[in-house]
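Here the structure is laid out as C-alpha cells; the discussion comes afterwards.
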Amino acid sequence: MRLGFALLLHKISFTMGLDKIFQVFVPKDKKFFPLFEEAALNLTYGSDALVKLMKESDDTKRSELIKLIKSFEKTGDSISHRIFDELNRSFITPFDREDIQHLASTLDDVMDFMNTTAQRIRLYKVKSLPEEFTRIAELVKQATQQINIAVNELPRVKDSATITTACIKISELENQCDDIYHETLSDMFESETNAVELIKKRDIIQALEKAADKAEDVADVIKSIIIKLS
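Following my numbering, the numbering of the sequence shown begins with 466 at its first residue and continues without gaps.
Listed below in C-alpha cells is the structure:
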C-alpha cells in the first residue's frame, strides 16, 4: 500500500510541482478566506464614506466622515495583522504564501490611500472640491465592490468565471480614474490662480487616484492566483 502511494506521488510529480501535490493530498487551511472577505467588505464601507466626504461641505459632518474613514483604516490594519499571524501559524495554505501576503498588503493599501485622501482634506482644510474628485471616488467605490465580489469567490477560484469578470471591471474602472485624473490635473493647472490651493488639490487627487491604482493591484494579485491554480 505504501509502495503504491509512493508510486502515485512519483507519477504525479512529473506533471505537478510539489506545492500542487500538497494541495491534492493535504487539507487546506480555510481560515484565510473569511479574513479576506472581512477586509474586502471593510473597503466597501470605507469607499462609501469617501464618496460622502467628497460631496460634503459642512465642516462638522466632514470631520465625522474623516474619523469614520480612519476607523476603517484601523480595522483594515487589524485584519492584515490577523492574516499575517495566521500565515505564521499555518503549514498548509489555500494558495501560495507569497500570494496571501500580497493580497493582504494590496487590500490594506487601498484603504490606506482612501484614508490618506481623507486626512489631506482634513489637514488642508479645502472648502470645496471639484466635481471630478467625486467622480473618481465613485469609481473607487465601484472597484471596491468588484473586489468584494472577487474575494468572496476565492474559495471557488478554479470554477468561477465571476472572479475574472470582476478583475476586468476593476481594470476598466482604474482606466476611467486615470483619464479623469489627468484631465482634472490639466484643468487645475490652467484655471487655478492660487498656487497654494493648486498644491492642496493636487495632493488630494493624487492620493485618490492612488487608491484606484491599488485596487487594480488587488485584481492583479487575484489574477495571478487564478493562473497558478488553473
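Glycine residues also receive a C-beta, built at the ideal position from the N, C-alpha and C atoms.
If you're wondering where the values come from, they're calculated on a predicted model, not measured in any experiment.
Nearest by alpha-carbon distance to residue i: which of the options is it?
{"i": "His546", "options": "Lys532, Ala504, Glu596, Lys666", "result": "Ala504"}
{"i": "Glu538", "options": "Val575, Leu568, Glu563, Leu552", "result": "Val575"}
{"i": "Val591", "options": "Ser522, Lys535, Lys693", "result": "Ser522"}
{"i": "Cys642", "options": "Val661, Gly511, Lys606", "result": "Lys606"}
{"i": "Asp668", "options": "Phe578, Thr525, Asp564", "result": "Phe578"}
{"i": "Lys634", "options": "Pro559, Asp652, Ile612, His647", "result": "Ile612"}
{"i": "Ala677", "options": "Asp524, Glu637, Ser651", "result": "Glu637"}
{"i": "Ala583", "options": "Phe497, Asp524, Phe501", "result": "Asp524"}
{"i": "Ser570", "options": "Met653, Lys693, Asp685, Ser656", "result": "Asp685"}
{"i": "Ser543", "options": "Phe560, Phe501, Arg562", "result": "Phe501"}
{"i": "Ala602", "options": "Val622, Ile645, Phe560", "result": "Ile645"}
{"i": "Leu604", "options": "Lys526, Leu694, Lys675, Ser528", "result": "Lys675"}
{"i": "Leu694", "options": "Val661, Val683, Leu619", "result": "Leu619"}
{"i": "Arg621", "options": "Glu657, Phe560, Val683", "result": "Phe560"}
{"i": "Ser528", "options": "Phe549, Thr558, Tyr589, Asp564", "result": "Tyr589"}
{"i": "Asp682", "options": "Gln566, Glu662, Thr540", "result": "Gln566"}
{"i": "Asp573", "options": "Thr599, Gly541, Asn553", "result": "Gly541"}
CB-CB under 8 Å to residue i, same chain, minus the five flanking residues each way: which ones, in chain order?
{"i": "Phe470", "result": "Caution applies to Phe470, whose pLDDT of 44 falls short of 50 and renders its modelled position unreliable; the model cannot decide the point."}
{"i": "Thr609", "result": "Ala505, Leu508, Thr509, Gly511, Ser512, Val575, Ala680"}
{"i": "Thr629", "result": "Lys688, Ile691"}
{"i": "Pro492", "result": "Because Pro492 sits at a pLDDT of 43, beneath the cut-off of 50, its placement in the model cannot be relied upon, and the following sentence gives the value as read from the coordinates. So the list reads Ile557, once near-sequence residues are dropped."}
{"i": "Phe654", "result": "Leu663"}
Specify the secondary structure class of residue i as computed by DSSP and reduced to three states.
{"i": "Glu503", "result": "helix"}
{"i": "Pro620", "result": "helix"}
{"i": "Ser528", "result": "helix"}
{"i": "Leu518", "result": "helix"}
{"i": "Ser543", "result": "helix"}
{"i": "Ser555", "result": "coil"}
{"i": "Val591", "result": "coil"}
{"i": "Lys496", "result": "coil"}
{"i": "Ser695", "result": "coil"}
{"i": "Asp685", "result": "helix"}
{"i": "Asp523", "result": "coil"}
Once you ignore the five residues that flank residue i on each side, which residues in its own chain have a CB closer than 7 Å to its CB?
{"i": "Thr649", "result": "Pro595, Glu597, Ile670"}
{"i": "Leu428", "result": "Because residue 428 is not part of the residues shown, which for the chain are 466 to 695, the question remains open."}
{"i": "Ala672", "result": "Phe578, Thr581, Thr582, Arg585"}
{"i": "Arg587", "result": "Ile531"}
{"i": "Ser631", "result": "The sequence shown places Ala at residue 631, rather than the Ser named in the question. For Ala631, where only same-chain residues beyond five positions count, the Cβ hits under 7 Å are Gln611, Ile614, Ala615."}
What residues in its chain sit with their C-beta under 6 Å from that of residue i, if we drop five residues either side in the sequence?
{"i": "Lys496", "result": "Glu551"}
{"i": "Ile548", "result": "Leu500, Ala569"}
With 8 Å set as the bound, which would you pick, yes or no: does the beta-carbon of residue i sit closer than that to a beta-carbon of chain B?
{"i": "Arg587", "result": "Here chain B cannot be found, since the structure has a single protein chain."}
* Any beta strand (DSSP E) of 3 or more consecutive residues that is wholly inside the segment 557-581 -> none
* Asked: Which runs of the alpha helix (DSSP H) fall wholly inside the segment 625-683 and span at least 4 residues, in chain order?
  -> 626-656
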